[in-house]
Each structure stands twice: as C-alpha cells, then as structure tokens.
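At position 340 of the sequence shown the residue is numbered 340 (the UniProt record's numbering), and the sequence of numbers has no breaks.
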Amino acid sequence: AMKAAVLIQRWYRQYVARMEVRRRCTWTIFQSIEYAGEQDQIKLQNFFTYLMDHFTPTNSKQRDLISHIFTEDEVYKQTELEKYCDHETIELPESYTGPHIDFPLTAAHAAALVEAFRHKQQLHARYVLQLLHETLKHLKLLPNINRVSTCFCEEITICGDLHGQLDDLLLIFYKNGLPSVEKPYIFNGDYVDRGKNSIEILLILFAFLLVYPNEVHLNRGNHEDYIVNLRYGFTKDVMQKYKVHGRKIHKLLQIVFSWMPLATVIDQKVLITHGGISDTTDLDIIAKVDRHKVLAFTDASNSFLTAECLKALSIRGGRTSEGNIQTTSMDSRLSLKSLSLSSTPCYSPGTRKRSPHSISRKVRRSVEEELEKCRRQVGFSTPYENGKFSLSFSESDSESFEVCESDNAEWKQIVDILWSDPMHQEGCVPNAVRGGGCYYGPDVTEKVLSRHNLQLLIRSHECKQDGYEFCHNRKVLTVFSASNYYELGSNRGAYVKLGPDLIPHLVQYQVSRTTRKLTMKQRVSRVERSALRALREQLFSHKSDLISAFKKYDKNKTGRIPLNDWATVVESVLQLGLPWRVLRSQLVQSAPEGLLQYHAWFHDLAIEQPTAEHVHQSLLETLYRNRSNLETIFRIIDSDNSGLVSFEEFCQTWKLLSSHLNMEISNEAISDLARSIDFNKDGSIDINEFLEAFRLVDKIHYTERE
Numbered sequence: 001a002m003k004a005a006v007l008i009q010r011w012y013r014q015y016v017a018r019m020e021v022r023r024r025c026t027w028t029i030f031q032s033i034e035y036a037g038e039q040d041q042i043k044l045q046n047f048f049t050y051l052m053d054h055f056t057p058t059n060s061k062q063r064d065l066i067s068h069i070f071t072e073d074e075v076y077k078q079t080e081l082e083k084y085c086d087h088e089t090i091e092l093p094e095s096y097t098g099p100h101i102d103f104p105l106t107a108a109h110a111a112a113l114v115e116a117f118r119h120k121q122q123l124h125a126r127y128v129l130q131l132l133h134e135t136l137k138h139l140k141l142l143p144n145i146n147r148v149s150t151c152f153c154e155e156i157t158i159c160g161d162l163h164g165q166l167d168d169l170l171l172i173f174y175k176n177g178l179p180s181v182e183k184p185y186i187f188n189g190d191y192v193d194r195g196k197n198s199i200e201i202l203l204i205l206f207a208f209l210l211v212y213p214n215e216v217h218l219n220r221g222n223h224e225d226y227i228v229n230l231r232y233g234f235t236k237d238v239m240q241k242y243k244v245h246g247r248k249i250h251k252l253l254q255i256v257f258s259w260m261p262l263a264t265v266i267d268q269k270v271l272i273t274h275g276g277i278s279d280t281t282d283l284d285i286i287a288k289v290d291r292h293k294v295l296a297f298t299d300a301s302n303s304f305l306t307a308e309c310l311k312a313l314s315i316r317g318g319r320t321s322e323g324n325i326q327t328t329s330m331d332s333r334l335s336l337k338s339l340s341l342s343s344t345p346c347y348s349p350g351t352r353k354r355s356p357h358s359i360s361r362k363v364r365r366s367v368e369e370e371l372e373k374c375r376r377q378v379g380f381s382t383p384y385e386n387g388k389f390s391l392s393f394s395e396s397d398s399e400s401f402e403v404c405e406s407d408n409a410e411w412k413q414i415v416d417i418l419w420s421d422p423m424h425q426e427g428c429v430p431n432a433v434r435g436g437g438c439y440y441g442p443d444v445t446e447k448v449l450s451r452h453n454l455q456l457l458i459r460s461h462e463c464k465q466d467g468y469e470f471c472h473n474r475k476v477l478t479v480f481s482a483s484n485y486y487e488l489g490s491n492r493g494a495y496v497k498l499g500p501d502l503i504p505h506l507v508q509y510q511v512s513r514t515t516r517k518l519t520m521k522q523r524v525s526r527v528e529r530s531a532l533r534a535l536r537e538q539l540f541s542h543k544s545d546l547i548s549a550f551k552k553y554d555k556n557k558t559g560r561i562p563l564n565d566w567a568t569v570v571e572s573v574l575q576l577g578l579p580w581r582v583l584r585s586q587l588v589q590s591a592p593e594g595l596l597q598y599h600a601w602f603h604d605l606a607i608e609q610p611t612a613e614h615v616h617q618s619l620l621e622t623l624y625r626n627r628s629n630l631e632t633i634f635r636i637i638d639s640d641n642s643g644l645v646s647f648e649e650f651c652q653t654w655k656l657l658s659s660h661l662n663m664e665i666s667n668e669a670i671s672d673l674a675r676s677i678d679f680n681k682d683g684s685i686d687i688n689e690f691l692e693a694f695r696l697v698d699k700i701h702y703t704e705r706e
C-alpha cells in the first residue's frame, strides 16, 4: 500500500509539472504576441511622427491623405471641442427605451445605469454627451496626483485593468459593493480597448465619479490614448454603438482622457499609478505637469502629440507655417526603413533645456551632419540617397524648440509612470519588450519610495495569472482586474483592499462559471489551443522570411532541415523569445529522422479568403503581418467614421503602408486586392468585412467546412 501511494504521488507530481510547463509556455506565447503588437504600434506611431516632420506631399492626393492623419484642426482645437458638442440640440425619440438620467446625478441614477448595462441596454447619445461634459468639468478641478486618506472609511478598494470587460466590473461590485461614502474606490487605468463594453465601463465609472467625487478616483492608463484606441478597438466600439453622434462622443472622450489624474497617493504612504516608475520619476514634477496638453502619446517611448509643440511648429503636411522644414526630391515611397525606427525621437525628452543661441548654432550646422545624426537617432542605418532634406530655422524658431524640449522632459515623466514594468534585476533600462517606458529594478523602487517617504507601490499594466503579484521585496504590487484576458480560463482577476494599517488584502475571482467545471488538463488545453492558433498565425504571416532563412540552412537544397535549425530560424525571424524546442511537438506534426520538410510544414496552415487567386502571395502575407497597422491607418483616414473607404483611399493607404515597410507594392497588385474584397461591387470597401475576410484557420477545420 505504501509503495502504491508513493507511486501515485510521484505520478501526480509529474502530471502537475507537465501541466505547469504547458501553462507557462502558453502564457509566454500570449504575452510575447501582445508585446510584439505594442512594438508594431509604436513603430507605426514613430513613422507618423517622422512623416509629420519630414514629408512633403508630391501631389494633392498625398496631401489630402496626410491631412486626414494630422491636421491643425484635429490637433490643437480639440480642447475647444466641448463648445461644439451641444447635447441639448439632440432630441430624445419617443421610441427610446433605455435608461434615463438627470443632472445632478444621484446614487440611484448610477445604480440604474449599472442595471441597464447589465441587461445590454444602451444609453442615448444625448445623455452620453451630457455625462461626458459634466465629467470633464469635474476632472479639470482635480490635481495630477490625488491625495486620499483611510481615516474616513474602513478600507479603500483598488482595481486594475478592466479593458472593456464589463462582467468583471459587475462582479467586483457584486462581491465588494457599489461605490459609496463608506466604500471608496480607486480605478487604476486601462478601462478601454480589447473588450466589448469599454464605453459602458467608462459611463458607469464617470457616473459614480460625479455622485461621489471624494470617494471615487480614476487614474489614467496607457490605453486612455487616441492613437492606441484606434488600434485596439475602443474607437471602433464607440462608432458602432453610436453611429450618428459617435464622432462627437469619441472626440470629447479624447479630451476627457487628457484630463484624467496620473496617480493617487493613500495616506502619504502608498503610491498608485498605472505602469510604475523609473529612476528619474519625481512626483513633484509630475504634480506640476499640464497633463491636459497630452492628447495622445505618438509613441510609448517619449515622442508625443502635444498641442503646444505642434502649434509652436505650426506643422501641416510636414511643413512649418513658414515652410522652413521641408523635404525635396522625395518620392511617394519615402524610402524609409521605418520598421527599424527606434524608440528615441530626434528631439529626446530627456535632453536639457538649451538656450536660444545654442539651438540656433546647432540648427545651422551642415545639412548632411544634422540629417545623418537625426536619422541615426530614429534608427536609420544607411544614409538617405533618394532624396535630400533642407533644414533651416530662423532665430524665432529657437523658442519653439525650447518650449517643446522643456515639455518633453516633463512628458517623459508621464510615459514612465504609464508604460514601465518592474524587473527582478537591479537598475533601470529601456523597456525593449513593450518598446516604451522602462524596466525598473528593486533598487530603483527603493530609491523612489525612500525619496518620497513611501512604503508601497501599487500598479497594474501587466496581466497576471493569479490577478496579482508581489515583487521587489513586496514593495511593488501588480493588480490586474480583467479575468480571462487572453482566453477563457487564462487568468483570474483581482482587486486589493487597503485599510488604515495599509496592509493589502487581495480578492481573486473569475467571471466564467464554465471554467470551474473543467479539470486542470481541460483548462490548460483550452487556453493552449487559443495560444497556438495565434502563434500559427504569426508563423504564416512570416512565411516568405522563414522559407528564405530555412534555405540558408539547407545547403544541399533538399527541402529539409534539422529540427534544431528550425527552432533557431523561427526565433531569429519572429523574435518572440519563445521556447521553440518545447513548443516543437505542438507545431511540427511530422519530422522523419529529425528532419523537417519546411515547404510541406506550411501546408498545416490554411487561408480563408474571398478570392485568393487574385491576390499576390507576398501581398497577402504583408496584410496578415500588418493588418493592425493597416486598420489603424484606415480608421484615421475614414474621417466620417462610416467604416467605408473608397478605392482611391484604399490605394493611397497601401502606398503609405508600403513606405512604412520600405517595400515595393505595385499599383496592379493593390488594385487586384481592392477588387477582390469589394464584395458588393459598389466601389467602396467595408473596413470590418475586409479585416474579417482575411483570417487564419486550422487546416483541419478548413477542410471540414469545404
């Protein structure tokens, strides 16, 4: 009996260990793909920044295209947008059956809003705009750093990322109670994107903020950002739910986001901010920043879309108002190696404030020297040969750059607290995984907390399997409140309660009931399938690059390579930092004698598309690899938010994307692609149908449908 018990115990431990290895591999896949997507977003935004500074359109079509992306009205008149969004002019139809609210709001109105959204009802645009107006008025009165005390309540509840998952917020309220004088809440950013109910979450939180202005506190996250919202779904969510007034709502939300506080401090001892800190974080500087000037971070690593900087330079179509910054002899492709754009802009936010005379001397250096230096800073490795830049500034321009550089030094503080992540090693290094912010070690945490006489940092920003995680000698606590973030059963959500003793009490939960009925193996397998599906999609999108790399290892041109070489090639091309040798059994079905037939290997992936015969293979792969970038550009160009773009806009978008990728795409190939996805042949392309039409499916499932 003892031997049998020992044998069973050993078997069970091995089983649990195997499940844990699979679970960790799955988690690594999800996080690697997520962070790779953020890097792509940052590269695209860096490209826009460079485009804004250096691109001179060669014809009216290109000028119109760029003006859709960056125009004076869009950038520095947004702060006056609330004057034009007059909710009183919007009539409430008699057929409206959704919730009604009156101002000033009461607790009953906020609770009714929760119940209405629980039952899938929608708040009318008139009420939405009015609620946003009132919220904006309140946010403008708040400091950059809220100061909260536990002496007036038993405990304060802190919630992390929600990402549009309304069910998680409803479950928190069910378990912990609705916000009230006795039940204060702090929400730590990232309310929107990815989930299906971002706007509902915002409206609920804004309603409670107005009812309990001293008990509900909202920090800004890195996803409360115009450009990020274009990529990760919030813009689409608003436009689909409010087709008539969606543009007004979306524009007003941008302003509301820019006025959200950046951090909260409890009892002068606990700092709560979305991402974290860096070795240069200074709460005194953050407290004085004009946060509302940041309409959008054009990248996560210190290049910003600020109203002041753009207004100072009066940029329109890549020029200053005097035409002093311009490019000449530049073709429509721009010949930019934009995929290698680094995270550092030409004018670093960390640089010191220079005198007008030093700036004047600097900008008067030789054109070649200045251009080469700037190109090295934005990541261009070879000199630009196809076009020439002409840089000249007047003495009066010096003050504009002085203002911008001074502002950027402050904006770097904001980026660090919104984008940074903790690491186990000591020091502070650029966050190469996300492409923005930094990694800060336990020594940095100790230094910043000691400098401001703090004892604990609570942050969010990272999905954790248990919903929370302590690090840095328990001086940093990560709280993530969106359960099932990657896939059903992938992670728990959590929130933390702090009483007067400031000892964190954590509460975990998971929204779905079905996962409770699954065994450990079933839960791991379900999440694993989803992760592998996403990984196979990544592999297909890099098919041409992978085959080219495989051929270098296939010296005898046999069409086969060793599995070790396969793992080396896949990592060198995708650069996801995954344990490919561990994942090999899941991705490679057959390898006789340890050799992989790499051409046949891709047959395990199938493509579902409307008319594949008209689309060139390389163009199709480019679409898969960059469809998120393409959607972002589409939604910027779709100025009326109709969800439709004309053939001409579609072709111009692809040309812009090709310049971003530094690749040649013929007009014929683009036209063939446009025709193949114009389903109803009306000369317009539906963005949503276009993106849905091109997706990766398992070959087995594809065959079954055929």
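The beta carbon of each residue, even a glycine, is placed where N, CA and C say it ideally should be. The structure displayed is predicted, hence computed values, not measured ones.
Original post:
Counting along the chain, where does the beta strand (DSSP E) carrying residue 243 start and finish?
Top reply: From DSSP, residue 243 is part of no beta strand (DSSP E); its letter is neither H nor E.
**OP:** Excluding the 5 residues preceding and the 5 following residue 213 in the sequence, name in chain order all residues of the same chain whose CB lies nearer than 8 Å to its CB.
**Re:** 138
**OP:** Since I believe residue 436 is in contact with residue 419 (beta carbons under 8 Å), could you give me their beta-carbon distance rounded to a whole number of angstroms?
**Re:** 5 Å
Subject >> residue 383 burial status per 10 Å Cβ neighbour count (16 or more: buried) >> reply: Because residue 383 carries a pLDDT of 39, less than 50, the predicted location of this residue cannot be relied on, and no value is offered for it.
**OP:** State the DSSP-derived secondary structure class of residue 493, mapped to helix, strand or coil.
**Re:** strand
Original post:
Would you say residue 124 faces chain B, with C-beta separation under 8 Å as the test?
Top reply: No chain B appears in this structure, which consists of one protein chain only.
Original post:
Heavy atom of the ligand ZN less than 7 Å from the Cβ of residue 563, yes or no?
Top reply: Only the bare structure without any ligand can be found here, which leaves the ligand ZN out of the picture.
Original post:
Per the contact definition of three or more C-beta pairs closer than 8 Å, is the stretch 125 to 134 in contact with the stretch 168 to 187?
Top reply: no
**OP:** Report all residues from its chain with a CB closer than 7 Å to the CB of residue 199; omit the five preceding and five following residues, and keep chain order.
**Re:** 237, 238, 241
**OP:** Alpha carbon to alpha carbon, how far is residue 104 from residue 684? Give it in angstroms, no decimals.
**Re:** 45 Å
Original post:
What's the call for residue 165, buried or exposed, on a 16-neighbour Cβ count within 10 Å?
Top reply: buried
Original post:
For residue 221 versus residue 195, is the C-beta distance shorter than 8 Å?
Top reply: no
**OP:** Quick one: residues in its chain with C-beta nearer than 8 Å to the C-beta of residue 136, no 5 flanking neighbours on either side, listed in chain order?
**Re:** 82, 252, 255, 256, 259
Subject >> Candidates 30, 287, 225: closest to residue 143 by CA position >> reply: 287
Original post:
What residues match up with residue 147 in a beta bridge as DSSP calls it?
Top reply: 265
Original post:
Just checking my contact of residue 262 with residue 454 at CB under 8 Å: how many whole Å lie between their CB atoms?
Top reply: That belief does not hold up - the Cβ atoms of residue 262 and residue 454 are roughly 15 Å apart, past 8 Å.
Subject >> Separation of residue 155 from residue 5, as counted between CA atoms >> reply: 47 Å
Original post:
Between the C-alpha atoms of residue 216 and residue 153, what's the straight-line distance to the nearest angstrom?
Top reply: 13 Å
Subject >> Rounded separation between residue 293 and residue 411 - CA only >> reply: 10 Å
Original post:
So, is residue 501 buried or exposed, given that buried needs 16 or more other C-beta atoms within 10 angstroms?
Top reply: exposed
Original post:
Is DSSP giving residue 330 helix, strand or coil here?
Top reply: The predicted position of residue 330 is uncertain, since its pLDDT is 30 and thus under 50; a value taken from the coordinates is nonetheless stated next. Of the three classes helix, strand and coil, the one that applies to residue 330 here is coil, per DSSP.
Original post:
Taking residue 459 as the reference, which of 275, 450, 201, 107 has the closest Cα?
Top reply: 275
Subject >> DSSP state of residue 429 mapped onto helix, strand, coil >> reply: strand
**OP:** Look at the alpha carbon of residue 432 and the alpha carbon of residue 577, and state the distance between them as a whole number of angstroms.
**Re:** 12 Å
Subject >> Helix, strand or coil at residue 420 according to DSSP, with G and I counted as helix >> reply: coil
Subject >> One or two residues paired with residue 479 in a DSSP bridge >> reply: 468
**OP:** Would you mind reading off the limits of the alpha helix (DSSP H) that contains residue 565?
**Re:** 563 to 574
**OP:** Tell me where the beta strand (DSSP E) around residue 595 begins and ends.
**Re:** 595 to 597
**OP:** Taking residue 644 as part of the beta strand (DSSP E), name the residues at either end of that continuous run.
**Re:** 644 to 646
Original post:
Opposite residue 156 in the DSSP bridges: which residues?
Top reply: 498
Original post:
Candidates 475, 108, 508, 476: which alpha carbon is nearest residue 484's?
Top reply: 508
**OP:** Alpha carbon to alpha carbon, how far is residue 572 from residue 462? Give it in angstroms, no decimals.
**Re:** 26 Å
**OP:** Give the DSSP-derived three-state secondary structure of residue 109 in the structure shown.
**Re:** helix
Original post:
What residue from 201, 192, 273, 266 has the CA that sits closest to residue 232's CA?
Top reply: 192
**OP:** Would you kindly work out how many angstroms separate the C-alpha atoms of residue 157 and residue 175, rounded to a whole number?
**Re:** 12 Å
Original post:
Assuming residue 203 and residue 113 make a contact with CB atoms under 8 Å, what is their CB distance in whole Å?
Top reply: 6 Å
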